[in-house]
Amino acid sequence: MRFMVFGLSQDRLSRDIYFYGMVLLAISLPLSNFTMSIAQFMIAGSWLLGGNIPEKLKRFFTSPITLLFLAVYLMHVIGLLWTDDLSSGWRDVRIKLPLLLLPLVLSTSPPLPMIRFEWVLRKVYIITGQVVNQMTGVDTKMQQLLNGLLIVTGK
């Protein structure tokens, strides 16, 4: 059953949420784990909203590259059989869940149009990375300056 929200079809809404989730993910990678999690939920929500889940799962399990991601994740789960600290092991498996879910969602969702992909990659991620680089560089220079002042004043 298809529906419309704010004049957007279900497919268009799913594609837009996917795109803005990718933008937020690109911005969040160098900045914040919290907003990166929100972006992953947006992307997963758009995947669910897109429908046709059985076909998507079939596509996931027939792709050799995505099966490699599944195998890496399953190695961590199987490794729990040899651990002495199960609580730490389950926490590790939970933290690594995006290693399984992101390839699932990204490999079975329709690809971004090239112009949007380049926009996310070039404009958003690279600029955000440069801003973070500049901020840490300024922070390092300020620390060096303050350390130099403290040495000169003897405090």
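The sequence shown: position 151 = 133 (the numbering used here), numbered continuously.
The beta-carbon is built from N, C-alpha and C at its ideal position, and this holds for glycine as well.
Quick one: is ARG(-3) buried, meaning 16 or more other Cβ sit within 10 Å of its Cβ, or exposed?
Within the sequence shown, the letter at position 15 stands for residue -3. Buried: at least 16 other Cβ atoms inside 10 Å.
Pull up the distance between the alpha-carbon of LEU171 and that of PRO92, whole angstroms please.
Any property of residue 171 remains undetermined from this structure, which presents the chain solely from -17 to 137.
Using only alpha-carbon positions, find the residue among LYS105, SER89, GLU100 that is nearest to ILE25.
As a position in the sequence shown, residue 25 is number 43, starting the count at 1. Residue SER89 is the option with its Cα nearest to ILE25.
Report the rounded CA-to-CA distance for LEU56 versus LEU84, giving the unit in angstroms.
Walking along the sequence shown from the start, residue 56 turns up at place 74. Walking along the sequence shown from the start, residue 84 turns up at place 102. Rounded to whole angstroms, LEU56 to LEU84 spans 15 Å at the Cα level.
Could you tell me the distance, in whole angstroms, from the CA atom of ASN34 to the CA atom of LEU68?
Along the sequence shown, read from residue 1 onward, the residue named residue 34 stands at position 52. Along the sequence shown, read from residue 1 onward, the residue named residue 68 stands at position 86. Roughly 36 Å between the two C-alpha positions.
Can you tell me where the alpha helix (DSSP H) holding VAL75 begins and where it ends?
The count along the sequence shown starts at 1 and reaches residue 75 at position 93. Per DSSP, VAL75 belongs to the alpha helix (DSSP H) from 68 to 77.
So for SER89, helix, strand or coil by DSSP?
Numbered from its first residue, the sequence shown carries residue 89 at position 107. Reduced to three states, the DSSP call for SER89 is helix.
Near VAL102, what residues of its chain come up, given a Cβ to Cβ distance below 8 Å and the 5 sequence neighbours on each side ignored?
The residue you call residue 102 lines up with position 120 of the sequence shown. Here the set comprises PHE1, MET4, VAL5, ALA8, LEU94.
Can you tell me whether LEU103 is helix, strand or coil according to DSSP?
The sequence position of residue 103 within the sequence shown is 121, counting from 1. In the structure shown, LEU103 sits in a helix (DSSP, three-state: H, G or I).
Run through DSSP, which three-state label would LEU11 get?
On the sequence shown, residue 11 is found 29 positions in, with the first residue counted as 1. Reduced to three states, the DSSP call for LEU11 is coil.
So for LEU30, helix, strand or coil by DSSP?
Here residue 30 is taken as the residue at index 48 of the sequence shown, counted from 1. In the structure shown, LEU30 sits in a helix (DSSP, three-state: H, G or I).
What is the rounded straight-line gap between the Cα of LEU11 and the Cα of MET18?
Position 29 of the sequence shown, counted from the start, is the residue given in the question as residue 11. Position 36 of the sequence shown, counted from the start, is the residue given in the question as residue 18. About 6 Å.
Straight-line CA distance for LEU82 to THR48?
Reading the sequence shown from its first residue, position 100 is the one you call residue 82. Reading the sequence shown from its first residue, position 66 is the one you call residue 48. Their Cα atoms are separated by approximately 9 Å.
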